[in-house]
Every structure is written in structure tokens, then in C-alpha cells.
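Notes follow once the structure below has been shown.
Chains as they are written, first to last, in my numbering: chain A, 136 to 648; chain B, 3 to 52.
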């Protein structure tokens, strides 16, 4: 019986980090906790491995070998038959359907190898992934329909009189909506997909690949890239030092939460959602149910932000694109939702600017969102260490207990190493051999295709695991009240102010010609 | 399932309020004031040097 109960908690913890659901809390044994921590680390490293694998394959183009050019890419279409095609002209003769199947099989194989290390049920994963990939790609296909996606400059060529001007990344929003429908109205389907609903894995892999793409941007605009990185570092000051204490104070003083609830809640709302809530819960030795509940809230509200903030940014901040990008990184919690919001904001603002006659280079807005978010992530371990020290040495003083510095490394989000590696490799190649920059750019364009697919699956997966009804049934309206008050009454606005202070007047480069 | 535990616990918390300890007040105040001071410094620095 005890083992069954402990297994229940393990499941809860794993869901906490990957597939969040609300389940009954029970105490784990130390060995199970160790196993869970190991699993979590493996997922971060897995994202690094998959991301680097795609990155390295794409770099074969430097030696004249096109290893990824067969991957399918969607174009803005008016006739469905012309929507899909292989990415590279080297594979122009390959039928689009074969290209699509090849992309699916390639991703299935590398993910199967990966999730085997996570001890996942491979059969269930393969079935779930097939559905996730299929639905996500259909959403991308629909989002690429010219009447939805075409920007004003493309309308004459496509011979259409109007379009919603959303670019083909509107497929992300369609994927999110599809996921929300499955998660909230088709619970059996959602359960059957559970093994493949891994938004954290998908987004971390995408972020590793994104590093190379941003490396290209940095090569082309070194001064601007330096300014963006510096301002990104500054932004973490806000997240940790300005957000956290206020949210903690409000939770404790005005909502009467205990320390055990207030600290993970403050970290979840202020810093980086799920990861921060888990790290803080662990640092202060909160019961497992606390970060589970907080994380559920984080995901739900991240989805709401994801659906609202990019459009608000497009409406009010299109003349300050990088302010908008930083705002997404600071205001939207969870890596997936923040970077995804950055991607949508990037396309929405560029489309609006284009309509006004300004063609910003793609990727800079999303790059700022990612940079800000990544720097916030980097310091989660440090913050957890500080809290662990305050709690153990001052609040719940335990004789003889010491907090070890190795904890910082243990809690460090390892996928960031992959992001930094791809960024630096591209930068180093470009700086050492400027003549190779066009080839590196072509390589990253191919890798970026897979980044987009991982993004797409992240959106769908976030939607599937956002069960609004279930959360409400759990009777945690009070937690939600703090979240709503702090997020919409404080964090979003302070985030906007700080983004404005650091990024206003800093514009992305424009497309030449 | 979880509702009787967490829901009830959250409701009970109001009657069993744990007052803010001096160390918590320090943590809140020091963190926030450091954040504001560094923010001003970084904004000035970023405007002058980048």
C-alpha cells in the first residue's frame, strides 16, 4: 500500500515537471525522490542532445553535404497542393508527402531514442507523438492559408485582395486552441496522448536550436546583440528582486498564506513558473502538493497570457518591437509560453510594421524574449540556494544542517548549456571565417525548421495539459486570486515598465532592399 | 480527491495565520530595495554605455 501511495506522488512530481495534472499528494521515499530528480535532469540533457544533434546535422552544409534539406516546410498557400515542399532545392524533386513523412519519421526516431532514456512507455509515446505531430502540422498547414497568413507585401503575388496579416505562425495559435479543445473537452483523448504531451522537452529542444539562429543574428548585428544581452541580464534583476518580495509579501500579509505556500507561489508567479516553483518548494522543503498546485496555476495563466499579450503588444508596442519582446520574456511564465509568446509577437509586430512600410528582420523580438527568459532561468538555482539558506539557517533552523553550493548546479536548467553552445559555435565560426557566414546562415535556416516544429508541438501540448475545469474543481480559488492580483495587477505592468526602460528606442535591424 | 485537503487547508490558513517574522521582513525589504537601486544603476549604465 505504501509503495502504491509513493508511486502516486512520483507520478505527481513527474507531472509537475512535464505533464502537469492535479493529483493526490503523498510522501515519497528518498530513493524515489532521487530517481525523480535523475529523470528531470535527464530530460534537460535530452533536450540538449536532440537540439545539438539537429544543429550538427545542419552544419554539414558547411562541407557541402545537405543532410536536412529533405525536411518539409510549409509556405503561405492559396492552393493546398502547393503548401508543402522540401526545405532545400537539392531535394526539389522529392514529393511533398514523402518529405512530410520523412520529417515525421526522423523526429519520431530521435525522440523515441531520447524518451527511452526517460523510461517512457515507447509504444504509448509513439502513438501519442503521431497524433501530436499530425494535429500540430495540420494546424500549421491551416495557419499558412494565405487569407490568414499573408502579409500585405505578399498579397499581389498571391492574387488575394485581403488577409488577416498573421503570418504562417498563426498556426501556433491554432495549435494552442486545438490543444485546449482536447485538454478541456476530450479528456479521454488527452489521457491517451499523455506520454507524448511533453511541452518542456519540446520547448527546451527548440531553445537549444534557437541559440544557433540567434548566433547568426548576433554575427550580423554585433553591437545590437551585445546591447540586447546586457539588457537581458538587467531584466533578471526585476524578476528576482522586484517581483518576488512583493508577491511574497502580498501572499503572506493580505491573503494569509503560510510560508510553505507563499514562497513557491511567489517564485512561480515572479520568476519562471514551473521550474522556479519546483526549485523553491524543494529549497524550503515544502510538501510536494504545494509546487504541484502552484505549477498547475502557472500553466493555466501562461496560456491566458499567451493568448492575450502578443496581440496587446502588436496593438500598442509595434513601434517598439524589442520592448514588446522583453515584455513577453518578463511577463509570461514558463519557458514554453514565454518563448512562444515572443514568436507570435515577432510575427504579429513585423506584419503590422510591414503594413506601415517598415520591414524588420525576423527573429529579433523572439530573440529578446528568449534572452530575457534564459537569463531568468540561469539564476533559478542561485535563488533557490539563497532561499534554502535563509529557510534552513534563519526560519526553520535545523541543527547541523548546511546548504551545499553544489545545489546550485543541481538545480541549474541544463538545456541552457545547449542554447549557449549553439550560439557560441555559430558566433565562433562566423568570427573565425566570415566567408562561411552565408553557409552557416543556410544551415541555421534548416535547423530552424525543426525549431519551428518543436515550437508547434509545444503549443499543442500546452493546450492539452491546460485543464481549466479540473483546476477549478480542486477548490483553489484563493491561490488563483493571488495569482490574478499579482500577475495582472503588478507583474505585467512592472514588466512593461522595465522593458520600456531598458529597450525603448532600441530597434531591430531592417531587411535590406 | 485533493479538494478536501488543499481547499480545506487553504481555508484554514486564514484562522491559523503565521505572522511575518523579522527575518522575512528583512528578506522582503532588502531584496526589494536592492532591486530598485540596481535597476536605477543598470538603466543609467545601459543608456550611457550601450
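The C-beta atom is built at its ideal place from N, Cα and C for all residues, glycine as well. None of the values given here were measured: they were computed from a predicted structure.
Asked, Found
"Residue 417 of chain A versus residue 484 of chain A - alpha carbon distance", "39 angstroms"
"Presumed contact (8 angstroms Cβ cut-off) between residue 489 of chain A and residue 286 of chain A, rounded CB distance", "5 angstroms"
"Cβ pair residue 543 of chain A, residue 516 of chain A closer than 8 angstroms", "yes"
"Local conformation of residue 219 of chain A per DSSP, three classes", "strand"
"Heavy atom of the ligand ZN within 7 angstroms of residue 577 of chain A beta-carbon", "No copy of the ligand ZN appears in this structure; indeed no ligand is present at all."
"Residues sharing a beta bridge with residue 212 of chain A, DSSP", "A/280"
"Residues of its chain near residue 237 of chain A, where Cβ-Cβ distance is below 6 angstroms and the 5 sequence neighbours each way are ignored", "205"
"Residues sharing a beta bridge with residue 645 of chain A, DSSP", "A/495"
"Segment contact flag, the segment 383-390 of chain A with the segment 596-606 of chain A, C-beta cutoff 8 angstroms, min 3 pairs", "no"
"C-beta neighbour in chain B for residue 436 of chain A, strict 8 angstroms", "no"
"Inter-stretch contact at 8 angstroms, needing at least 3 Cβ pairs: the segment 497-505 of chain A / the segment 465-485 of chain A", "yes"
"Residue environment, residue 50 of chain B, which counts as buried when at least 16 other CB atoms sit within 10 Å", "exposed"
"Among A/407, A/496, A/305, A/622, nearest to residue 355 of chain A - alpha-carbon criterion", "A/496"
"Residue 335 of chain A at chain B interface by Cβ criterion, 8 angstroms", "no"
"Selection from A/313, A/193, A/583 that minimises the alpha carbon distance to residue 652 of chain A", "Residue 652 of chain A lies beyond the residue range present for chain A, which begins at 136 and ends at 648; the question has no answer from this structure."
"Bounding residues of the alpha helix (DSSP H) (the contiguous stretch that carries residue 305 of chain A)", "305-320"
"Residue 380 of chain A at chain B interface by Cβ criterion, 8 angstroms", "yes"
"Contacting residues, own chain, Cβ-Cβ under 8 angstroms from residue 509 of chain A (five flanking each side not counted)", "342, 367, 551, 554"
"Proximal chain B residues relative to residue 391 of chain A, where beta-carbon distance stays under 7 angstroms", "15, 16, 19"
"Residue 450 of chain A - containing alpha helix (DSSP H), residue span", "424-452"
"Cβ-based burial, residue 394 of chain A [other Cβ within 10 Å; buried from 16]", "buried"
"Under the three-state DSSP convention, the category residue 207 of chain A falls into", "strand"
"Residue 46 of chain B at chain A interface by Cβ criterion, 8 angstroms", "no"
"C-beta neighbour in chain B for residue 634 of chain A, strict 8 angstroms", "no"
"7 angstroms CB neighbourhood of residue 622 of chain A in its chain, flanking five on each side removed", "404, 436"
"Sequence ranges, beta strand (DSSP E) only - wholly within the segment 396-421 of chain A, length at least 3", "none"
"Residue 44 of chain B - DSSP class collapsed to helix/strand/coil", "helix"
"Assigned secondary structure, residue 19 of chain B (DSSP; H/G/I helix, E/B strand, else coil)", "coil"
"Minimum Cβ-Cβ distance from residue 525 of chain A to chain B less than 8 angstroms", "yes"
"Sequence-distant residues of the same chain with beta carbon closer than 6 angstroms to residue 160 of chain A, five excluded per side", "Below a pLDDT of 50, predicted positions are generally treated as unreliable, and residue 160 of chain A, at 37, falls in that range; the measurement from the model is reported next regardless. The residues are 423, 424."
"Rounded separation between residue 587 of chain A and residue 242 of chain A - CA only", "13 angstroms"
"Assumed close pair residue 185 of chain A, residue 245 of chain A - CB separation to whole angstroms, cut-off 8 angstroms", "6 angstroms"
"Euclidean distance between Cα positions of residue 201 of chain A and residue 249 of chain A", "24 angstroms"
"Contact check, residue 571 of chain A vs residue 274 of chain A, beta carbons under 8 angstroms", "no"
"Neighbour flag for residue 373 of chain A against chain C, beta carbons, 8 angstroms", "Included in the structure are the protein chains A and B, with no chain C among them."
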